[in-house]
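Read through the structure below, which is laid out as structure tokens, and then see the notes.
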Amino acid sequence: MMISKVSQKYNISADTLRYYERIGLIPPVNRNVNGIRDYTEEDCNWVHFMKCMRGAGLSIEVLVEYITMSQQGDSTIKARKELLIEQRSRLAEDIKERQETLKRLDKKIYGYEERMFAKKEKLKRPDA
């Protein structure tokens, strides 16, 4: 699959895909006889994985480390698992903090709605 199709499929610019490859965020992509990137299903799986992980807030450095270990083979399975467990823990904490922030925002919004309703009711009263 050509870079333009991968770019469309995952909503990532072609420049970003090239950058990800250049810095080692995705393994090197095979090229056809004309030297044009030709993404395989496995390459696309890496792109999708990286998009998900970046969206979850994992740093480029952590992901490059993960890719590097992945390319070293099965001897790094335990280390890769530990890295993902650590990142999962950080993500879970971030989600918890965001849920607390969401609750606080909801409370503030509700408070404003109550104040607006009370003001509106006061304006309706003839003795006000």
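Read in order, the letters of the sequence shown are residues 473 to 600 in the numbering used here. Glycine included, every Cβ here is placed at the ideal spot set by N, Cα and C. All values reported here derive from a predicted model rather than from experimental measurement.
With a CB to CB cut of under 6 Å and the five nearest residues on each side skipped, what residues in its chain are close to residue i?
| i | result |
| --- | --- |
| residue 539 | 496 |
| residue 528 | 563 |
| residue 473 | 511 |
Tell me the DSSP secondary structure of residue i in three-state form.
| i | result |
| --- | --- |
| residue 509 | strand |
Residues in its own chain within less than 8 Å of residue i by CB, not counting five upstream and five downstream?
| i | result |
| --- | --- |
| residue 534 | 555, 559 |
| residue 500 | 493 |
To the nearest angstrom, how far is the alpha carbon of residue i from that of residue j?
| i | j | result |
| --- | --- | --- |
| residue 531 | residue 525 | 8 Å |
| residue 594 | residue 492 | 59 Å |
| residue 549 | residue 481 | 29 Å |
| residue 503 | residue 510 | 5 Å |
| residue 573 | residue 557 | 24 Å |
| residue 487 | residue 584 | 44 Å |
| residue 552 | residue 542 | 7 Å |
| residue 582 | residue 566 | 24 Å |
| residue 506 | residue 514 | 21 Å |
| residue 536 | residue 522 | 10 Å |
Would you list the residues sitting across from residue i in a DSSP beta bridge?
| i | result |
| --- | --- |
| residue 490 | BP columns for residue 490 are empty, so no partner. |
If you scan the segment 518-597 from start to end, which runs of the alpha helix (DSSP H) of 4 or more residues do you find wholly inside it? For the segment 518-597, the continuous alpha helix (DSSP H) assignments of 4+ residues that do not extend past its boundaries occur at 532-543, 549-596, in sequence order.
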